[in-house]
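Residue numbers (the working numbering): 107 to 292.
The beta-carbon is built from N, C-alpha and C at its ideal position, and this holds for glycine as well.
Model, not experiment: these values are computed from the prediction.
What follows is a set of notes on a single structure, which appears directly below.
Here it is as C-alpha coordinates:
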(Lines of atoms letter the chains of each structure in order from A and count residues from 1; the text may use other names and numbers.)
(Lines give C-alpha, C1' and ligand atoms only; values in the text may rest on other atoms or scores of the structure.)
Protein backbone atom coordinates (compact mmCIF):
# COMPACT_ATOMS: atom_id res chain seq x y z
CA UNK A 1 0.00 0.00 0.00
CA UNK A 2 2.81 2.36 0.88
CA UNK A 3 4.43 1.58 -2.50
CA UNK A 4 1.25 2.55 -4.38
CA UNK A 5 0.85 5.83 -2.50
CA UNK A 6 4.42 6.81 -3.28
CA UNK A 7 4.34 5.82 -6.93
CA UNK A 8 0.79 6.61 -8.07
CA UNK A 9 2.02 9.29 -10.48
CA UNK A 10 4.33 6.78 -12.15
CA UNK A 11 1.52 4.23 -12.41
CA UNK A 12 -0.83 6.76 -14.00
CA UNK A 13 1.92 7.74 -16.44
CA UNK A 14 2.47 4.08 -17.39
CA UNK A 15 -1.26 3.52 -17.89
CA UNK A 16 -1.54 6.58 -20.14
CA UNK A 17 1.50 5.53 -22.19
CA UNK A 18 0.09 2.02 -22.49
CA UNK A 19 -3.25 3.37 -23.71
CA UNK A 20 -1.47 5.50 -26.31
CA UNK A 21 0.50 2.51 -27.60
CA UNK A 22 -2.52 0.25 -28.04
CA UNK A 23 -4.01 1.02 -31.49
CA UNK A 24 -7.64 0.63 -30.35
CA UNK A 25 -7.23 3.30 -27.67
CA UNK A 26 -4.24 5.25 -28.94
CA UNK A 27 -5.80 6.53 -32.16
CA UNK A 28 -8.98 7.95 -30.53
CA UNK A 29 -6.93 9.65 -27.81
CA UNK A 30 -4.57 11.21 -30.39
CA UNK A 31 -7.52 12.32 -32.53
CA UNK A 32 -9.21 13.94 -29.50
CA UNK A 33 -6.03 15.80 -28.53
CA UNK A 34 -5.57 17.05 -32.11
CA UNK A 35 -9.21 18.19 -32.26
CA UNK A 36 -8.81 20.11 -29.02
CA UNK A 37 -5.68 21.82 -30.33
CA UNK A 38 -7.02 22.59 -33.84
CA UNK A 39 -7.40 26.28 -34.62
CA UNK A 40 -8.73 28.05 -37.66
CA UNK A 41 -6.12 28.11 -40.45
CA UNK A 42 -4.48 31.39 -41.39
CA UNK A 43 -4.15 33.04 -44.75
CA UNK A 44 -0.73 33.24 -46.32
CA UNK A 45 0.65 36.77 -45.90
CA UNK A 46 0.33 38.91 -49.03
CA UNK A 47 4.08 39.00 -49.63
CA UNK A 48 4.33 35.21 -49.40
CA UNK A 49 1.40 34.34 -51.69
CA UNK A 50 2.52 32.18 -54.60
CA UNK A 51 0.66 31.36 -57.78
CA UNK A 52 0.20 27.71 -58.68
CA UNK A 53 2.13 27.07 -61.86
CA UNK A 54 0.49 24.19 -63.60
CA UNK A 55 -2.54 22.16 -62.72
CA UNK A 56 -1.47 18.93 -64.41
CA UNK A 57 -2.12 16.18 -61.88
CA UNK A 58 -3.75 12.85 -62.63
CA UNK A 59 -6.09 11.48 -60.01
CA UNK A 60 -8.41 8.51 -59.72
CA UNK A 61 -11.82 8.86 -58.06
CA UNK A 62 -13.10 6.30 -55.59
CA UNK A 63 -15.29 5.02 -58.41
CA UNK A 64 -12.22 4.37 -60.55
CA UNK A 65 -12.69 7.32 -62.91
CA UNK A 66 -9.52 9.03 -64.13
CA UNK A 67 -9.46 12.82 -64.04
CA UNK A 68 -7.00 15.64 -64.18
CA UNK A 69 -6.77 18.42 -61.62
CA UNK A 70 -6.59 20.90 -64.52
CA UNK A 71 -10.40 20.76 -64.71
CA UNK A 72 -10.37 23.05 -61.65
CA UNK A 73 -8.18 25.76 -63.14
CA UNK A 74 -9.98 29.09 -62.79
CA UNK A 75 -12.06 27.87 -59.83
CA UNK A 76 -11.78 28.14 -56.05
CA UNK A 77 -10.20 24.86 -54.92
CA UNK A 78 -9.49 23.16 -51.61
CA UNK A 79 -6.94 20.33 -51.70
CA UNK A 80 -6.49 18.18 -48.60
CA UNK A 81 -3.65 15.62 -48.56
CA UNK A 82 -4.44 13.05 -45.88
CA UNK A 83 -4.32 9.44 -44.69
CA UNK A 84 -6.62 7.24 -42.61
CA UNK A 85 -3.77 6.28 -40.24
CA UNK A 86 -2.94 9.93 -39.43
CA UNK A 87 -4.52 11.22 -36.16
CA UNK A 88 -4.38 14.93 -37.15
CA UNK A 89 -6.01 14.03 -40.50
CA UNK A 90 -8.82 12.14 -38.80
CA UNK A 91 -9.19 14.95 -36.24
CA UNK A 92 -9.91 17.63 -38.84
CA UNK A 93 -12.23 15.52 -41.03
CA UNK A 94 -15.51 16.46 -39.26
CA UNK A 95 -14.84 20.17 -39.86
CA UNK A 96 -13.88 19.50 -43.47
CA UNK A 97 -17.09 17.49 -43.99
CA UNK A 98 -19.13 20.41 -42.64
CA UNK A 99 -17.25 22.83 -44.89
CA UNK A 100 -17.87 20.54 -47.87
CA UNK A 101 -21.57 20.34 -46.96
CA UNK A 102 -21.79 24.14 -47.12
CA UNK A 103 -19.50 24.89 -50.08
CA UNK A 104 -19.34 21.66 -52.10
CA UNK A 105 -21.49 23.08 -54.88
CA UNK A 106 -19.33 26.23 -55.28
CA UNK A 107 -15.79 25.10 -54.40
CA UNK A 108 -13.89 22.19 -55.96
CA UNK A 109 -12.81 19.88 -53.13
CA UNK A 110 -10.05 17.29 -53.51
CA UNK A 111 -9.35 14.94 -50.62
CA UNK A 112 -6.26 13.13 -51.87
CA UNK A 113 -4.61 10.04 -50.41
CA UNK A 114 -2.13 7.45 -51.58
CA UNK A 115 -3.89 4.61 -49.74
CA UNK A 116 -5.89 1.84 -51.40
CA UNK A 117 -9.47 2.51 -52.44
CA UNK A 118 -10.66 -0.35 -50.19
CA UNK A 119 -9.05 1.17 -47.10
CA UNK A 120 -10.40 4.63 -47.97
CA UNK A 121 -13.90 3.32 -48.71
CA UNK A 122 -14.04 1.49 -45.36
CA UNK A 123 -12.96 4.66 -43.55
CA UNK A 124 -15.49 6.85 -45.37
CA UNK A 125 -18.36 4.43 -44.75
CA UNK A 126 -17.48 4.01 -41.07
CA UNK A 127 -17.34 7.77 -40.52
CA UNK A 128 -20.25 8.53 -42.91
CA UNK A 129 -18.23 11.06 -44.94
CA UNK A 130 -19.38 11.90 -48.45
CA UNK A 131 -16.75 14.35 -49.69
CA UNK A 132 -14.86 13.49 -52.90
CA UNK A 133 -11.77 11.36 -52.28
CA UNK A 134 -9.12 10.76 -54.91
CA UNK A 135 -6.04 8.58 -55.17
CA UNK A 136 -2.88 10.03 -56.66
CA UNK A 137 -1.91 8.59 -60.03
CA UNK A 138 1.24 10.72 -60.17
CA UNK A 139 2.93 13.46 -58.16
CA UNK A 140 1.04 16.72 -57.67
CA UNK A 141 2.26 20.04 -59.09
CA UNK A 142 5.50 21.12 -57.40
CA UNK A 143 3.82 23.74 -55.20
CA UNK A 144 1.47 21.11 -53.77
CA UNK A 145 4.13 18.55 -52.95
CA UNK A 146 4.72 17.82 -49.28
CA UNK A 147 5.73 14.97 -47.02
CA UNK A 148 3.49 16.09 -44.19
CA UNK A 149 -0.11 15.02 -43.74
CA UNK A 150 -2.48 16.58 -43.33
CA UNK A 151 -1.62 19.48 -45.57
CA UNK A 152 -4.41 21.58 -47.00
CA UNK A 153 -4.27 24.22 -49.69
CA UNK A 154 -6.93 26.78 -50.53
CA UNK A 155 -6.43 28.12 -54.04
CA UNK A 156 -8.12 31.17 -55.56
CA UNK A 157 -9.57 31.38 -59.08
CA UNK A 158 -6.33 33.10 -60.13
CA UNK A 159 -4.28 30.18 -58.80
CA UNK A 160 -3.04 31.99 -55.69
CA UNK A 161 -2.34 29.65 -52.77
CA UNK A 162 -4.27 31.61 -50.15
CA UNK A 163 -3.96 29.03 -47.35
CA UNK A 164 -1.19 26.46 -46.95
CA UNK A 165 -1.89 24.66 -43.67
CA UNK A 166 0.01 21.68 -42.27
CA UNK A 167 -1.51 19.86 -39.31
CA UNK A 168 -5.03 19.63 -37.97
CA UNK A 169 -7.17 22.74 -38.31
CA UNK A 170 -10.76 23.78 -37.78
CA UNK A 171 -11.90 24.27 -41.36
CA UNK A 172 -15.51 25.06 -40.55
CA UNK A 173 -14.73 28.31 -38.80
CA UNK A 174 -16.17 31.76 -39.43
CA UNK A 175 -12.70 32.88 -40.54
CA UNK A 176 -12.57 30.25 -43.32
CA UNK A 177 -16.13 31.06 -44.39
CA UNK A 178 -15.21 34.74 -44.76
CA UNK A 179 -12.15 33.84 -46.86
CA UNK A 180 -14.15 31.45 -49.07
CA UNK A 181 -16.99 33.92 -49.56
CA UNK A 182 -14.50 36.61 -50.62
CA UNK A 183 -12.73 34.24 -53.04
CA UNK A 184 -16.03 33.18 -54.58
CA UNK A 185 -17.06 36.80 -55.19
CA UNK A 186 -13.82 37.70 -57.01
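Residue range of the beta strand (DSSP E) that residue i falls in?
| i | result |
| --- | --- |
| residue 214 | 214-219 |
| residue 224 | Element bounds for residue 224: not the beta strand (DSSP E) but the alpha helix (DSSP H), 223-233. |
| residue 239 | 239-242 |
| residue 183 | 183-187 |
| residue 261 | 257-261 |
| residue 174 | 172-174 |
Note down the Cα distance separating residue i from residue j, rounded to an integer number of angstroms.
| i | j | result |
| --- | --- | --- |
| residue 237 | residue 221 | 16 Å |
| residue 187 | residue 115 | 39 Å |
| residue 210 | residue 252 | 25 Å |
| residue 285 | residue 248 | 24 Å |
| residue 242 | residue 113 | 50 Å |
| residue 224 | residue 234 | 15 Å |
| residue 239 | residue 153 | 32 Å |
| residue 297 | residue 256 | With the chain covering only 107 through 292, there is no way to say anything about residue 297. |
| residue 134 | residue 196 | 9 Å |
| residue 159 | residue 174 | 15 Å |
| residue 228 | residue 208 | 24 Å |
| residue 244 | residue 163 | 7 Å |
| residue 178 | residue 138 | 33 Å |
| residue 142 | residue 189 | 19 Å |
| residue 287 | residue 140 | 27 Å |
Since residue i and residue j should fall inside the 8 Å C-beta cutoff, what is the C-beta to C-beta distance between them, to a whole number of angstroms?
| i | j | result |
| --- | --- | --- |
| residue 182 | residue 213 | 5 Å |
| residue 271 | residue 194 | Between residue 194 and residue 271 the Cβ distance is about 11 Å, and since that is not below 8 Å, they are no contact. |
| residue 282 | residue 205 | 7 Å |
| residue 149 | residue 269 | 6 Å |
| residue 73 | residue 144 | Because the chain here runs from 107 to 292, residue 73 falls outside it and cannot be looked at. |
| residue 157 | residue 263 | Contact doesn't hold; Cβ gap of about 11 Å is too wide. |
So residue i is in the alpha helix (DSSP H); what residue range does that whole segment cover?
| i | result |
| --- | --- |
| residue 201 | 193-209 |
With H, G and I counted as helix, E and B as strand and the rest as coil, what does DSSP make of residue i?
| i | result |
| --- | --- |
| residue 167 | strand |
| residue 271 | strand |
| residue 281 | helix |
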